[in-house]
Amino acid sequence: MTPRRALPLLAIACWLTAGCERTAPVAKAAPDRTPAFWVWHRSSALAPAEKESLPAGSRLYRQIAEFGWRDGAWSPRAVAKADVLLENEIPVVRLDPGPAFLERPDAAAMLAKWLRHHFQDKVPASLQLDHDCPVRLLPRYAAFLRELRGELALKEISITALAGWIDSPAFKQLGEAADELLPMFYDLTADPPQDIAAGKAKPMAGPEAAAWIARWKSCRTPWCAGLANFERLSLFEADGKLVGHLKQWTPESIARADFLEALPQFTGGTGYRITSAASLHGTQLQASQLLIWRAPDAESLRGLIAAAFDAGARGIVWFALPGPGLRAAHSPSHLAALARGEVPAHGVTAKLESNGSIVLRNAGPGDLSLALGAPLHRLMLRSHEAGTFTTAGPGEFAEVATPLPPKFSHEIVLSFPRLLVGEEIASESGLIPVRGVRELQWSLDDSTPAPLP
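Following this line, the structure appears as structure tokens:
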């Protein structure tokens with residue numbers, strides 16, 4: 016999985032040999048609305064706070080290795096050690112998109128040998144493979160899965176799938192070889208350059224994904240819908256040709272950039288034209304190039320979740336779990352609420368600490384997100400007397416500002432991009448010197464002011 020491209024392995028005995036074109040009636044189980052996640056490009060174990068953020072019963076699919084194929088042999092790169100796996104985590108092996116290994120009859124045995132070594136001969140009973148197999152080679156890929164299952168005596172084998180595989184005549188063989196399929200309904204097709212140049216990008220969650228999801232209703236192997244939970248900032252030439260996706264960026268840097276001109280008529284994301292040569296987090300930008308900021312909005316995701324359950328999906332898997340190096344769009348708690356059909360509201364509260372810092376926390380159940388292209392959120396603090404605020408820095412906030420010099424101002428504004436469920440941010444200490452009793456009020460994005468605890 017590149018950024019693109021996670022529910023329990025549903026291996027009920029009567030399904031183990033099921034094919035995706037079988038005509039016999041299949042008992043329809045109630046969908047599991049607990050979100051599951053891929054954990055990608057990460058070697059570290061989950062922090063306690065991350066574990067606590069997961070709804071009970073969440074399944075994680077953790078990438079443990081990437082394999083290329085060079086000179087007739089596997090070329091592995093370990094991503095995560097075996098001892099970081101939690102009880103509810105399924106190891107995932109990413110196989111190079113090239114199909115050359117499928118031509119080797121001993122490729123599965125060679126992969127099994129590496130996995131036995133990695134797990135010190137204690138290979139888990141369940142394994143997932145991530146491979147973008149060409150449609151013409153699906154029968155050979157199915158045989159490879161059977162060979163690997165036999166080599167490792169696996170009880171369950173799960174695979175990611177491209178959405179278009181459902182239309183292949185060879186798909187039945189693949190369904191018979193796997194216990195679970197996880198089709199990925201994002202990054203389905205590339206943006207045509209002429210569309211980007213005309214101000215139209217493909218949304219990360221939209222009608223194209225919904226149409227593909229509906230076609231999976233014919234699948235008789237247990238399957239879960241893979242949906243996007245990440246944001247992306249893409250750089251294009253003026254003619255719409257993709258340059259690449261920025262790996263390091265923040266909404267704050269977009270909001271502050273004086274070299275970006277917003278394109279108000281742009282659809283499918285928020286578009287900006289670069290007005291002068293500049294650098295953004297190490298990426299060199301040239302005048303006339305385009306930056307496109309995309310993220311899956313909650314309403315579109317609710318629609319795709321409903322479409323997946325209507326099509327027979329047993330659950331939803333998300334790429335990816337919020338973590339280091341990944342700008343995820345929503346928290347696990349928020350995604351769980353969307354799967355229940357809810358529209359969760361944030362539970363942001365403000366508090367004055369004894370050291371004079373302001374702490375903002377979101378106790379949930381919903382995220383306080385930032386709409387694409389919108390100004391940063393604003394926490395405004397008001398006092399009845401001047402001299403309440405000092406020149407202390409914003410700390411974990413993006414910026415701090417006062418309409419007058421702090422010693423004369425009756426209000427102060429702290430800006431920030433978002434606050435997901437369970438997150439908190441704090442200003443530097445001494446922002447509000449603790450001396451005497453002061454009546455302070457706070458408001459969020461011009462909401463009705465309330466007393467500050």
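In this note's numbering, the protein residues as written are 16 to 468. C-beta: ideal position from N, C-alpha, C; glycine also. Predicted, not measured: the structure shown is a model, and the values here were computed from it.
DSSP, reduced to helix, strand and coil, places Q456 within a strand of the structure shown. Runs of the alpha helix (DSSP H) spanning 4 or more residues and lying entirely within the segment 184 to 269 occur at 186 to 192, 208 to 212, 222 to 230, in chain order. Separation of P222 and Y201 (C-alpha to C-alpha, rounded to the nearest whole angstrom) is 11 angstroms. In this chain, the alpha helix (DSSP H) harbouring P154 covers 153 to 167. Annotation for L126: the continuous alpha helix (DSSP H) segment containing it runs 122 to 133.
In the displayed model, P464 falls within coil according to three-state DSSP, outside both helix and strand. The segment 152 to 161 and the segment 186 to 195 touch, with no fewer than 3 CB-CB distances between them shorter than 8 angstroms. Spatial neighbours of P46 in its own chain (CB-CB distance under 7 angstroms, excluding positions within 5 residues in sequence) are listed in chain order as F324, A328, R329, G330. The residues T49, in chain order, have a CB closer than 6 angstroms to that of G72 in the same chain once the five nearest residues on each side in sequence are set aside.
Looking at the DSSP output, A88 shares a beta bridge with R85.
In this chain, the beta strand (DSSP E) harbouring D145 covers 141 to 145.
Beta bridge pairing from DSSP links K366 with V374.
R309: member of the beta strand (DSSP E) spanning 305 to 309, first to last residue. Of the other Cβ atoms in all chains shown, 16 or more fall within 10 Å of the Cβ of H345; this residue is therefore buried. The three-state secondary structure of E439, taken from DSSP, is strand. For V428, the beta-bridge partners assigned by DSSP are M395, A416. Taking 8 angstroms as the cut-off, the beta carbon of L305 is found no closer than this to the beta carbon of C239. Looking at the DSSP output, A51 bridges to V332. For R109, the enclosing beta strand (DSSP E) covers residues 104 to 110. By the Cβ criterion, the segment 278 to 294 is in contact with the segment 306 to 314, since at least three pairs of Cβ atoms, one from each stretch, lie closer than 8 angstroms. Nearest neighbour of K128 by Cα position, chosen from G371, A158, G165, turns out to be G165.
In this structure R74 does not touch A60 by the C-beta definition: roughly 17 angstroms separates them, more than the 8 angstroms allowed.
Judged by their CB atoms, G371 and G445 are nearer to each other than the 8 angstroms cut-off.
One thing to note: L261 has its Cβ within 8 angstroms of the Cβ of L250. When C-beta atoms of the segment 354 to 361 are compared with those of the segment 256 to 272, fewer than three pairs fall below 8 angstroms, so the two segments do not count as touching. In the three-state scheme derived from DSSP, where H, G and I count as helix and E and B as strand, A277 is classed as strand.
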